[in-house]
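Residue 1 is where the sequence shown starts when you use full-length UniProt numbering, and the numbers rise one by one after that. All C-beta atoms, glycine included, are put in the ideal place defined by N, C-alpha and C. See below for the structure under consideration.
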Amino acid sequence: MTSSHLFGASPQSFNPELHRPTMDWRGDLGFTDRLRAIQSLTTVYQLSSSTTAFAEAQAEARRYETEAYDQATSKEEYDRMCQQAIDAAETKSVAPVHGSEQEQNVSQEEKQELAGSSELSVGETFGQYTSCFHHSDGLHSTIYKSTAKDGTVRAVKITVLHLMAAPHDVHREARLLREAASPHVIPLVETFNLDGDRLALVFPFLRYDFAQLLRRDMVTATQTRSILRDMFQALEYIHKLGIIHRDIKPSNILMSSADGPAKLADFGISWKEGDPGSEPSDQKITDVGTTSYRAPEVLFGYKAYGTALDLWAAGCVVAEAITVGHGELFDSGPVGSDLSLIHSIFSTLGTPDDQIWPDVHVLPDWGKVEFYTVPAQPWEDILPAVSSNGRDLARRLLRYQSSERLSADEVSNGEKIVMQGRTLIMPGTPTSVFLHRLISRARRLPHGRGLQPHGTGCGPYLQ
């Protein structure tokens, strides 16, 4: 079934752009779209001149992207302006590809590490941190890797303050990180101001993120279970503080090795009621989360969402971690559109009604597009060849009705259930893609006769 059929129009008459529930084209342009444009511009600016430093190229890319964003009258014009800049820069590029295939396939991470260890490389200096080398970048910030004189490796996050736009707020990020200090949240070492209207946040440098480990198939079932347990314990802690992370995804779960411990990172768009940088609780920004991990309530404009927003994203992470190939469960399309993501969710979980999703009546954008009724796929088809407990955990997190999703506390603090030595892994399937020993809430039988589930339970938990 095509997306045009799903959204209640014939292939000839359906135009997704005309059915979008927004008046301003900028409302459809998420921060990931802008980041993609900045990254493309930065790359071609660097290639256009062998003497152009990364920081200089990135600053020019951000300047031009902001200009395009401010001046364009439509997304098409914005895309065209960015493409014109890319094309113009590429015509100047004089950086031919040399070397063996093996040399050409060296990862960007390895190149940065080689550059950082070179005696000829001096890097940049930020405060007391010298020899800082570029590691990664976001829409409003850049991460540098720095080795201190005592050998301690740090990550220095530099944010240009005047380029920030809501929901991003580095000052709020620092406040909430200090408040959320715990074993499973990345610690904030210090902050300091820099000239050029910049703020630096310093963290321990953690080489890996969960997305990298999954993509390279570098984690065992035991390691995967441990990483997910750490994620839920971090969520349990911050949710008790009233903090909503708003950007849960594998790449925001960091660790120094596959053995962990895993730390929840990137609180740049996090929210807490009463924080001076946070919106009112019933007027929260809905352009939060990353593409396929976004919860359905924000896709329909609901602003009074709560911590269950993070649990939907966590369910997407669980599904991705336990499936063969570790692909994302939902597909937001090549440009990360809300319409494509809604299509993917409805095609997978079925088109909801007020019986399945009682809150549809309070969603501002529900009813602006007519949807055909599509039945839900069986969870055995959605997540085939995985443990039944792993599948059940994802199922109980990925619920349309946010109040029906498991809480982080329920996932991380369930009691262990005796499985009689059974391993819930299908024969012939690689064990590295499974969570096993996921557990459900239980009660002890009289006279110490073991454990059994009580009531309906609250689904699987991590042990």
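message = Using a Cβ-Cβ cutoff of less than 6 Å, which residues in the same chain neighbour GLU173 once the five nearest sequence positions on both sides are dropped?
response = Excluding the 5 residues flanking it on each side, GLU173 has same chain C-beta neighbours closer than 6 Å at PHE267, GLY268, in chain order.
request  = Measure the C-alpha to C-alpha separation of LYS284 and GLY27 and round it to an integer number of angstroms.
outcome  = The alpha-carbon separation between LYS284 and GLY27 amounts to approximately 15 Å.
inquiry  = If you measure between the beta carbons of SER256 and LEU206, is that distance less than 8 Å?
reply    = Yes; because the gap between Cβ atoms is below 8 Å, this pair is in contact.
Reduced DSSP category for PRO352 - H, G, I as helix; E, B as strand; rest coil = Correct three-state label for PRO352: coil.
ask   = Going by the beta-carbon positions, is the gap between ASP310 and LEU383 smaller than 8 Å?
value = Contact flag unset, no.
message = Would PHE133 and LYS149 be called neighbours here (beta carbons separated by less than 8 Å)?
response = In this structure, PHE133 lies away from LYS149, with their beta-carbon atoms at least 8 Å apart.
query = Nearest-angstrom Cα distance between THR291 and VAL374?
reply = Distance from the CA of THR291 to the CA of VAL374, rounded to the nearest whole angstrom, comes to 22 Å.
ask   = Is it right to say PRO183 is buried, meaning 16 or more other beta carbons lie within 10 angstroms of its own, or is it exposed?
value = By the 10 Å Cβ count, PRO183 comes out exposed.
key: Whole-angstrom distance between GLN84 and LYS75, CA atom to CA atom   = Their backbone Cα atoms lie some 14 Å apart in a straight line.
request  = Determine the extent of the alpha helix (DSSP H) in which ARG198 is found, giving its start and end residues.
outcome  = No alpha helix (DSSP H) holds ARG198; the beta strand (DSSP E) holding it covers 198-204.
query = Can you tell me the Cα-Cα spacing of ALA376 and PRO358, whole angstroms?
reply = Taking the straight line from one Cα to the other gives about 17 Å.
query = Among PRO204, MET81, ALA321, which has the Cα closest to the Cα of VAL156?
reply = Selected option, being the one with the closest Cα: PRO204.
query = In terms of DSSP beta bridges, what is ALA155 paired with?
reply = According to DSSP, ALA155 bridges with LYS145, PHE203.
query = Across which residues does DSSP place THR191 in a beta bridge pair?
reply = Per DSSP, LEU201.
ask   = Between ALA314 and PRO276, what straight-line distance do the alpha-carbon atoms span, to the nearest angstrom?
value = So the two alpha carbons sit approximately 27 Å from each other.
message = Beta-carbon within less than 8 Å of ARG34's beta-carbon, same chain only, minus the 5 sequence neighbours each way: which residues are those?
response = Non-local C-beta neighbours of ARG34 in its own chain, meaning closer than 8 Å and more than five positions away in sequence, comprise GLU65, TYR69, LEU139, ordered along the chain.
query = Any chance the segment 153-170 sits against the segment 189-203, with 3 or more Cβ pairs inside 8 Å?
reply = The segment 153-170 makes contact with the segment 189-203, as at least three CB pairs between them are under 8 Å.
request  = Closer than 6 Å by C-beta to GLU60: which residues in its own chain qualify, once you throw out the five before and the five after it? Chain order, please.
outcome  = Within the same chain, GLU60 has close Cβ partners TYR45.
ask   = Considering PHE133, what are the terminal residues of the beta strand (DSSP E) in which it resides?
value = Run containing PHE133: 129-137, per the beta strand (DSSP E) assignment.
Environment of THR286 [buried if 16+ CB atoms lie within 10 Å] = Burial call: buried.
query = For VAL160, which three-state DSSP category applies?
reply = Residue state, collapsed to three classes: strand.
request  = Taking SER270 and ILE244 to be in contact with their CB atoms under 8 Å, please state how far apart those CB atoms are, rounded to whole angstroms.
outcome  = Right, their Cβ atoms sit about 6 Å apart.
task = Kindly give me the distance between the Cβ atoms of residue 466 and ARG405, rounded to whole angstroms, as I take these residues to be in contact under 8 Å.
result = Residue numbering for the chain in the displayed model covers 1 to 463; residue 466 lies beyond these limits and cannot be assessed.
query = Under the three-state reduction of DSSP, which class applies to LYS263: helix, strand or coil?
reply = Secondary structure of LYS263 (DSSP, three-state): strand.
query = With ILE342 and GLY390 assumed to form a contact (beta carbons below 8 Å), what rounded beta-carbon distance in angstroms separates them?
reply = Not really, about 26 Å apart at Cβ, beyond 8 Å.
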